[in-house]
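The sequence shown: position 327 = 328 (our numbering), numbered continuously. Just so it is clear, CB atoms sit at the ideal spot from N, CA and C, and this is done for glycine as well. These numbers were taken from a predicted model, which means no experiment stands behind them.
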Amino acid sequence: MKIYSKKILLFFFILVGSSGLLFYILQKPTFSEEKKVEPEAVVFVPPDRIVEYEIVANDTYGVIMANQGISSIDTAAIYQAAQEQYDLAKIGVGKKIKFYFKPETDEFYKLYYQIDSEEELWVEKGDNGEWQAARQDIPYEIKIVTSSGTIEKFLYADALAAGVDERAVIAWAEMLQWSLDFAMDVQVGDSYKFIYEQRFLNGEYVMPGRVLAGKFINAGKAYYGFSYTDPEGNSGYYDEQGNNVQKMFLKAPVAFKYISSGFTTGARYIQAFNISTGHRAIDYAAAAGTPVRSVGAGTVIFAGWDGSYGNKVSIRHNGTYTTNYAHLSKILVKRGQKVSQGDTIGLVGSTGLSTGPHLHYEMVKNGVKINPLQEVLPPGEPLKTEYQDDYFAQIAVWQEQLD
Ligand SMILES: [Zn+2]
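This is the structure we're talking about:
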């Protein structure tokens, strides 16, 4: 009897003790977790109602706002608030504008506009009821990628076949436009490698960003370019020795993007500089209407009809060099006009003594017609000496990746 009651007592003690422990465990560390899983405890934030509108021709800011049911008072207040950051009267066709409405009240309280590929505008109504504007860089997520290959057909076609965004290929070719003439210089077996940014928004690919560095091996010679911004904010492309890749003249009077159809496709005939035949010029086969650019800064000294040359433009760059552009379908400059490097001066045509649309391009040095592709020109504005260490430190990792 005594033993029996002792057993009961012990059992009772264990029960109380263990349940007490159990209670403690449940009570303390699991309390907050339990609360979380209760449906009532989840804070549900209903989303804004967002209306996205793509601007079409003849749209005006006022009309777009009215069509969204925005009051004229808010329309004017937003315009005023944004004025210092961006003039909403300048909104562009094809751009998107977004309207944000509060979930419960459906009150319009925020406007978004993408200014360009780099910046965006936000105008938001504060708690005090006043509209406030902010202009900021678009917060892209950046991924750095490398693309490389060997020329089989043409840089453009080969890079595209390798899955490179067309815009990245063009941006990269532009970095080399003072060193290489893509219509005349590039040959099968040349190789390339370049490092560039890909921009993503909310995980989705948007566009290529900056080209950071590149290397092109043309006929065994390597051409490098590295993007660099010095501490004063001056940006440019420099080579592996710190020379500016920008030169006094562009290699070609037709931009890469217009000759992108390639030198091996179709029945293209590009007549080269040839002293024995007397063709002291370079002919670029290009579609009629293709923009022709001045290879360097200078003054237009001739713009008009010149016999067998047809419509011709001549640009004097300095006391030494002049360039001529012939057979144009249209002249877009006037005699005496100053032009910058890369300015469009006319359109490709077939005027004068010409069998089909092409650009006849001449470079004259001290009165003698020379081969522009063989002319060695001094590099542009060099890197400042005080920034050279910084430059070489920055490009070291890229150069390693390229070689
Ligand atoms: Zn010619």
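**Report entry** Close Cβ partners of alanine 287 (< 8 Å) along its chain, the five nearest in sequence each way excluded
**Finding:** Val255, Tyr259, Ile260, Val349, Pro358, His359 and Leu360
Query raised in the report: Which residues bound the beta strand (DSSP E) around serine 73?
Result: That residue, serine 73, is in no beta strand (DSSP E); its alpha helix (DSSP H) goes 73 to 83.
Query raised in the report: Whose CA, out of Asn219, Lys222, Phe195 and Tyr87, lies closest to the CA of proline 209?
Result: Phe195
Requested in this report: Give every residue of the same chain whose Cβ lies closer than 6 Å to the Cβ of methionine 364, excluding the five residues on either side of it in the sequence, and list them in chain order.
Outcome: Closer than 6 Å at the Cβ level, and outside the excluded window around methionine 364, lie Thr324, Ile371 and Pro373.
Query - Nearest-angstrom Cα separation, counted from aspartate 107 out to tyrosine 101 - result: 9 Å
**Report entry** Rounded straight-line distance, which links the Cα of glutamate 198 to that of tyrosine 225
**Finding:** 17 Å
Query raised in the report: Within the chosen definition, does the region 117 to 135 reach the region 169 to 181 through at least 3 CB pairs nearer than 8 Å?
Result: Touching, no, given that fewer than three Cβ pairs across the two stretches are closer than 8 Å.
Query raised in the report: If leucine 384 sits next to methionine 249, beta carbons under 8 Å apart, how far is it from one beta carbon to the other, in whole angstroms?
Result: 17 Å between Cβ atoms; not a contact.
Requested in this report: Could you have a look at glycine 368 and say whether DSSP puts it in helix, strand or coil?
Outcome: coil
Requested in this report: Can you check the region 246 to 322 for any beta strand (DSSP E) of at least 3 residues that lies completely inside it and give the ranges in chain order?
Outcome: 283 to 286, 292 to 294, 299 to 306 and 312 to 317
Query raised in the report: Heavy atom of ligand 1 less than 7 Å from the Cβ of alanine 282, yes or no?
Result: yes
Report task. With DSSP as the reference, please indicate the residues paired to lysine 91 in a beta bridge. Result -> Its beta-bridge partners do not exist; DSSP assigns none.
Report task. Look up glutamate 363 in the DSSP assignment and say whether it is helix, strand or coil. Result -> strand
Query raised in the report: Hey, tyrosine 229 and glycine 237 are a contact pair by Cβ (cut 8 Å); roughly how many whole angstroms apart?
Result: 6 Å
Requested in this report: Spell out a yes or no on whether the region 281 to 298 and the region 337 to 351 are touching, meaning 3 or more CB-CB pairs, one atom from each, closer than 8 Å.
Outcome: yes
Report task. May I ask you to check if the CB of histidine 361 is nearer than 7 Å to at least one heavy atom of ligand 1? Result -> Checking the Cβ of histidine 361 against ligand 1 gives yes.
Report task. Using three-state DSSP, classify valine 207 as helix, strand or coil. Result -> Reduced to three states, the DSSP call for valine 207 is strand.
Query raised in the report: With C-beta atoms as the reference, is tryptophan 399 less than 8 Å away from alanine 163?
Result: no
Query - Close-in-space but distant-in-sequence residues of the same chain around lysine 126 (CB under 6 Å, 5 per side omitted) - result: Tyr110 and Trp132
**Report entry** Start and end residues, alpha helix (DSSP H) containing tyrosine 157
**Finding:** 156 to 162
Query - Under the three-state DSSP convention, the category isoleucine 396 falls into - result: helix
Query raised in the report: Ordered along the chain, which non-local residues of its own chain (more than five positions away) have a Cβ less than 8 Å from that of tyrosine 87?
Result: Tyr114, Ile116, Leu122, Ala134 and Arg136
Query raised in the report: Using 8 Å as the Cβ pair cut-off and three pairs as the minimum, do the region 297 to 313 and the region 327 to 347 touch?
Result: yes
Requested in this report: Would you mind stating whether phenylalanine 155 and alanine 253 have Cβ atoms separated by less than 8 Å?
Outcome: No. Outside cutoff.
Requested in this report: Taking all protein chains shown into account, decide if lysine 433 is buried (16 or more other Cβ within 10 angstroms of its Cβ) or exposed.
Outcome: As shown, the chain starts at 2 and ends at 404. That puts residue 433 outside it, with no answer to give.
Query raised in the report: How should tyrosine 239 be labelled, buried or exposed, when 16 other C-beta atoms within 10 angstroms of its C-beta is the threshold for buried?
Result: buried
Report task. Report the residue from Asn235, Thr61 and Val246 whose alpha carbon sits nearest the alpha carbon of alanine 223. Result -> For the residues Asn235, Thr61 and Val246, the minimum Cα distance to alanine 223 belongs to Val246.
**Report entry** DSSP beta-bridge partners of phenylalanine 201
**Finding:** Glu142 and Tyr206
Query raised in the report: Is any heavy atom of ligand 3 found at a distance shorter than 7 Å from the C-beta of alanine 82?
Result: Ligands present in the displayed structure are limited to ligand 1, and ligand 3 is not among them.
**Report entry** Residue environment, aspartate 390, which counts as buried when at least 16 other CB atoms sit within 10 Å
**Finding:** exposed
Query raised in the report: Do you know whose CA, among Ile145, Ile56, Leu177 and Asp404, lies nearest valine 165's CA?
Result: Ile145
Query raised in the report: What first and last residue would you give for the alpha helix (DSSP H) that runs through tyrosine 62?
Result: 62 to 68
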